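Its first residue numbered 1, the sequence shown is counted upward by one per residue in the UniProt record's numbering.
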Amino acid sequence: MAFGRCRGRSGGGGVNRNDFFTFETGQGSDVGCKRKVNEDSYLSRPEYGLWVVADGMGGHAAGDFASQTIVHELNSIGVAVSADDLVARFDQRLTQANEVIRAQAAQLDGGMIGATVAALLVHQTRFDCIWSGDSRLYLLRDGQLVQQSRDHTEARALLDAGSITAEEAANWPRKNVITHAVGVSEKPICERVTGELQLGDVFLICSDGLTEHIADAEIAQLLLRYPPQEACAQLIDETVRRGARDNVTVIAMRCSDAPPPAEDEMLYDLDNSSLDTGSVV
C-alpha cells in the first residue's frame, strides 16, 4: 500500500499481481515551487486493484482536507468479487467522501471545499478509469499515449460544444475553472471509461500540476524509457525544474506477465481459502 500527502516530496513504488498480470507501480508527489501546502493526495492499493490521485481545489479553504478525505474513504475498498462490485464499492466510498467534505464545508460559514479525483480500477483483465475534475488518466499502449479522461473544465466544455478552437482552449483565460469536483455538489459527478487490459499497458494518473508544464509527448517518452518509479521521479523533477506553479502528483502502473505462484504461496492459499479478506481500515 502507498498512501501519500506531503508538504515536500513523497514517493515510492512496488510490485503486486493478480492471477492475470503483475502490476509494477511508481508514485510521487511534490509541493511545487509556488505553494506552501501540498493539497494533493494519492493512494495505491494494487492488491485491491485501485490507484487514485485527488487534488484539493486551489483557492478553496481546506482543499487538502478534501483530497485526504477521498483517499481515506477509498482506502477501505477491500477485495471485490467482480469488476462491477469494485466499481460499486468505489462509488459508495466516493459518495461517503462527498458527504464528509460537504459537512465540513457547512462549518466554514459558506466556504467551499472540493477536490478532483482520478482513479484506475482493475479486476482480473478489466480496467475502469473514473474521474471528476481535471486530474487525468492516460494509457500508454503500443507506444501510443492516449488520454482516457476528459477534463471537466470550462474550456473543455466550450471546445466540445464547438464554441472555441483547440488553440483558443489552450489559452482560454478561465481554462483552469473546473465544472465538476467531489464535495461541490449534492452527489459526486463522475465519468467512466472501461476496457480490457493488455500486456505492456502503462497507465498514468496525475494532478493538473503535471500537465500544466509537461506535454503528452514528453510523458510518453519518459514512460517508454523508464520503469514506473523512475518515470514518476523524472516527470516530477522536470515539472519542478520548469517552475511547478502547482502541486504535482503522479502514479504510473505497468502491466506485465503474472508469474506462476510459488509452491509455498499455493499451499498458503489452500490453507486460507475461507479467510475473509474484507476491508482495510
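The beta-carbon is built from N, C-alpha and C at its ideal position, and this holds for glycine as well. Keep in mind the model is a prediction, meaning the values are calculated, not measured.
Can you check the region 173–254 for any alpha helix (DSSP H) of at least 4 residues that lies completely inside it and give the ranges in chain order?
-> 208–211, 216–225 and 228–241
What are the boundary residues of the alpha helix (DSSP H) that includes L86?
-> Within the sequence shown, numbered from 1, the residue matching residue 86 stands at position 86. It spans A83 to A106 - the alpha helix (DSSP H) in which L86 sits, taken as one unbroken run.
Report the option in D257, R102, L223 and I251 whose CA atom is closest to the CA atom of Q27.
-> If you number the sequence shown from 1, residue 27 lands on position 27. When each option's Cα is compared against that of Q27, the closest is I251.
Just the C-alpha distance for V31 and G209, rounded to the nearest angstrom, thanks.
-> As a position in the sequence shown, residue 31 is number 31, starting the count at 1. As a position in the sequence shown, residue 209 is number 209, starting the count at 1. So the alpha carbons of these two residues sit roughly 10 Å apart.
In terms of residues, what are the limits of the beta strand (DSSP E) holding V144?
-> The residue labelled residue 144 in the question sits at position 144 within the sequence shown. Just to set this straight, residue 144 is Gln in the shown sequence, not Val. Counting along the chain, the beta strand (DSSP E) containing Q144 begins and ends at Q144 to Q147.
Taking C-alpha atoms, which residue in T153, I205, A97 and E186 lies nearest to L145?
-> One-based indexing of the sequence shown puts residue 145 at position 145. Nearest of T153, I205, A97 and E186 to L145, Cα basis: I205.
Using a Cβ-Cβ distance under 8 Å, would S67 count as near chain B?
-> This model lacks chain B altogether, as it is built from one protein chain only.
Along the beta strand (DSSP E) that carries H152, what are the first and last residues, could you check?
-> Start at 1 with the first residue of the sequence shown, and residue 152 comes out as number 152. That residue, H152, is in no beta strand (DSSP E); it is neither H nor E in DSSP.
Excluding sequence positions up to five away, which residues of its chain have a Cβ less than 6 Å from the Cβ of A66?
-> Numbered from its first residue, the sequence shown carries residue 66 at position 66. Once the five neighbours on either side are set aside, the close Cβ partners of A66 are G56, I101, I113, G114, A115 and G183.
May I ask you to report which of helix, strand or coil DSSP gives S163?
-> Here residue 163 refers to the residue found at position 163 when the sequence shown is read from its first residue. In the structure shown, S163 sits in coil (DSSP, three-state: anything other than H, G, I, E or B).
Would you be able to state if there are at least three C-beta pairs under 8 Å between the region 33–50 and the region 234–254?
-> yes
Spatial distance of G195 from D109 (CA atoms) = If you number the sequence shown from 1, residue 195 lands on position 195. If you number the sequence shown from 1, residue 109 lands on position 109. One C-alpha to the other measures close to 43 Å.
Between which two residues does the alpha helix (DSSP H) containing F65 stretch?
-> Locating residue 65 in the sequence shown gives position 65, counting from the first residue. Run containing F65: G63 to L74, per the alpha helix (DSSP H) assignment.
Closest residue to S207 among T25, L235 and S163 (Cα-Cα distance) | As a first step, residue 207 is located in the sequence shown; it is residue number 207 there, counting from the start. Nearest C-alpha to S207: L235.
Count the other CB atoms, across all protein chains shown, that sit within 10 Å of the CB of L224; report buried if there are 16 or more and exposed otherwise.
-> Taking the first residue of the sequence shown as position 1, residue 224 is located at position 224. Classification of L224: exposed, given that the 10 Å Cβ count is below 16.
Could you tell me the boundaries of the beta strand (DSSP E) in which T25 lies?
-> Counted from its first residue, the sequence shown places residue 25 at position 25. Per DSSP, T25 belongs to the beta strand (DSSP E) from F21 to D30.
Look at the alpha carbon of Y48 and the alpha carbon of H180, and state the distance between them as a whole number of angstroms.
-> Here residue 48 refers to the residue found at position 48 when the sequence shown is read from its first residue. Here residue 180 refers to the residue found at position 180 when the sequence shown is read from its first residue. In a straight line, the C-alpha of Y48 is about 26 Å away from that of H180.
Between the beta-carbon of T25 and the beta-carbon of S44, is there less than 8 Å?
-> Here residue 25 is taken as the residue at index 25 of the sequence shown, counted from 1. Here residue 44 is taken as the residue at index 44 of the sequence shown, counted from 1. Going by C-beta atoms, T25 is nearer than 8 Å to S44.
V15 to F23 span [Cα, whole Å] = As a position in the sequence shown, residue 15 is number 15, starting the count at 1. As a position in the sequence shown, residue 23 is number 23, starting the count at 1. Cα-Cα distance, rounded: 6 Å.
Would you kindly work out how many angstroms separate the C-alpha atoms of L158 and G111, rounded to a whole number?
-> Within the sequence shown, numbered from 1, the residue matching residue 158 stands at position 158. Within the sequence shown, numbered from 1, the residue matching residue 111 stands at position 111. Near 27 Å, if we compare the C-alpha coordinates of G111 and L158.
Determine the direct distance from the alpha carbon of S29 to that of A233, and round the result to whole angstroms.
-> For the purposes of this step, residue 233 is taken as the residue at position 233 of the sequence shown. For the purposes of this step, residue 29 is taken as the residue at position 29 of the sequence shown. Near 9 Å, if we compare the C-alpha coordinates of S29 and A233.
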